[in-house]
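There are 2 protein chains.
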Amino acid sequence: MFKIGELADLCNISADTLRFYEKNGLFQASKRSGAGYRLYTQADKNRLEFILTSKSVGFSLKEIADLLSINLDKSNRTCGDAKQLVDDKLAQVKEKLAELERLESSLQSLSDACCGGSESALHCTILEALATPKKPH
Amino acid sequence: MFKIGELADLCNISADTLRFYEKNGLFQASKRSGAGYRLYTQADKNRLEFILTSKSVGFSLKEIADLLSINLDKSNRTCGDAKQLVDDKLAQVKEKLAELERLESSLQSLSDACCGGSESALHCTILEALATPKKPH
DNA sequence: ATTGACCTTAGATCTTAGTCTAGGGTTTAT
DNA sequence: ATAAACCCTAGACTAAGATCTAAGGTCAAT
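Note that the protein sequences, when read in sequence, are chains H and D.
The first sequence stops at residue 136 when you use numbering that gives the first Met the number 0, and every number in between is there.
The second sequence stops at residue 136 when you use numbering that gives the first Met the number 0, and every number in between is there.
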């Protein structure tokens, strides 16, 4: 059994984060010691790793709760359920990517048009471009 | 002169947002009416458009404050100053893009490996993959 | 037996960019 | 002269995901 600090160290997160996950219904310890210390089993650690892996591919904690509920009741849920969550997330990520690519291209244009020199900014193309209203995208 | 609601409508933002910008030192009205109403000039509207255009290319309000301070003191600031802010932002955006591309590829792999069918999720490749710890990137 | 490292809780704080509410004053049109 | 539509302020609230604080209890080693 691991105490909270031990599990936190093993998984490279803080004990505070573990308490936070617990408060938000994501991740409970299997037991408490006589003194009230949280005690985590290897199975708990596996569950935590599921959570952290999910986080690392971009799922929010709320979405991870959905994934966990499928995982906890595998036999009554379908592959389609799991894939739907992944595909929804993928669509979100693609949307953000498109927005960031738009920003990247705007910023690149601004940068390319500006000499960047040490003369005064009186006629700076960047400041001029920013002063020009743009249509909402 | 525009009242706050008029300017807000013209610029497609809310009056609350204008008050919020003012509270945060980004954008003040030139005058107040006898009754205390904010009154904005065309020059104010131009400043607001600078802010909104900056926002639309991804600058945070804090960064916009920096841009504004250059814009307000053009003759004592350089093109280099302005370009630096743009290039810093561009670097941030590229970083986020790289991270999102990493997420996209992970999610795409998860999605591709899963049949997505209506059989039970007992052997779902997505759930199995998420249960497998990943090295921190 | 006491120090230091660890654990407990509840609740406050942070960031960003607003939005909303309460309680009140003003302007405009009828 | 009264109702609708607008404006004012201060301050609370939101999302997300933690992080930090205060005040205290526990455990291991010296």
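Ideal Cβ positions, reconstructed from N, Cα and C, are used throughout, including at glycine.
Taking a contact as a CB-CB distance under 8 Å, the pair THR16/D and PRO132/H does not count as one, their CB atoms being some 16 Å apart. For the region 118-129 of chain H, the beta-carbon criterion of a distance under 9 Å to any beta-carbon of chain D is satisfied by GLU118, SER119, ALA120, LEU121, HIS122, CYS123, THR124, ILE125, LEU126, ALA128, LEU129. Interface flag for GLY4/D against chain H is unset, since no Cβ pair is found closer than 9 Å. Cβ proximity to chain D below 8 Å picks out nothing from the region 21-38 of chain H. Of the other Cβ atoms in all chains shown, fewer than 16 fall within 10 Å of the Cβ of GLY24/H; this residue is therefore exposed. Inter-segment contact for the region 37-44 of chain D and the region 61-81 of chain D is absent: fewer than three beta-carbon pairs are separated by less than 8 Å. Of all residues in the region 102-118 of chain H, only LEU102, GLU103, SER105, LEU106, GLN107, LEU109, SER110, CYS113, CYS114, GLY115, GLY116, SER117, GLU118 come within less than 8 Å of chain D when Cβ atoms are compared, listed by chain position. Across the region 67-80 of chain H, CB contacts with chain D closer than 9 Å involve ILE69, ASN70, ASP72, LYS73, SER74, ASN75, ARG76, THR77, CYS78, GLY79, ASP80, in sequence order along the chain. The beta-carbon of LEU99/D is placed less than 9 Å from the nearest beta-carbon of chain H.
Rounded to whole angstroms, the gap between the alpha carbons of ALA64/D and SER55/D is 15 Å. A straight line joining the alpha-carbon of LYS93/D with that of GLY116/D spans about 37 Å.
Distance between LYS30/H and LEU96/D, taken at the CA atoms: about 42 Å. ILE12/D is not a Cβ neighbour of VAL85/H, given a cutoff of 9 Å. Within the region 43-55 of chain D, ASN45, GLU48, PHE49, THR52, SER53, SER55 place their CB atoms closer than 7 Å to a CB of chain H, listed in sequence order. One finds nothing in chain H with a Cβ atom closer than 8 Å to the Cβ of LYS61/D; even the nearest lies about 16 Å away. Distance from the CA atom of GLU48/H to the CA atom of LEU60/H, rounded to whole angstroms, is 13 Å. Contact check for LEU99/D and LYS73/H: beta-carbon distance about 30 Å, past the 8 Å limit, so the pair fails to qualify. Counting only residues of its own chain and dropping the five nearest sequence neighbours on each side, TYR36/H has a CB closer than 8 Å to the CB of LYS2, ILE3. Distances from the CA of LEU89/H to each of SER68/H, GLY57/H, GLU103/H were compared; the closest alpha carbon is that of GLY57/H. Taking SER32/H as the centre and dropping the five residues before and after it, the same chain places the C-beta of LEU38 closer than 7 Å to its C-beta, in chain order. Residue contact check for GLN83/D against chain H: a CB pair falls below 9 Å. Residue burial annotation: ALA34/H is exposed, with fewer than 16 other C-beta atoms found within 10 angstroms of its C-beta.
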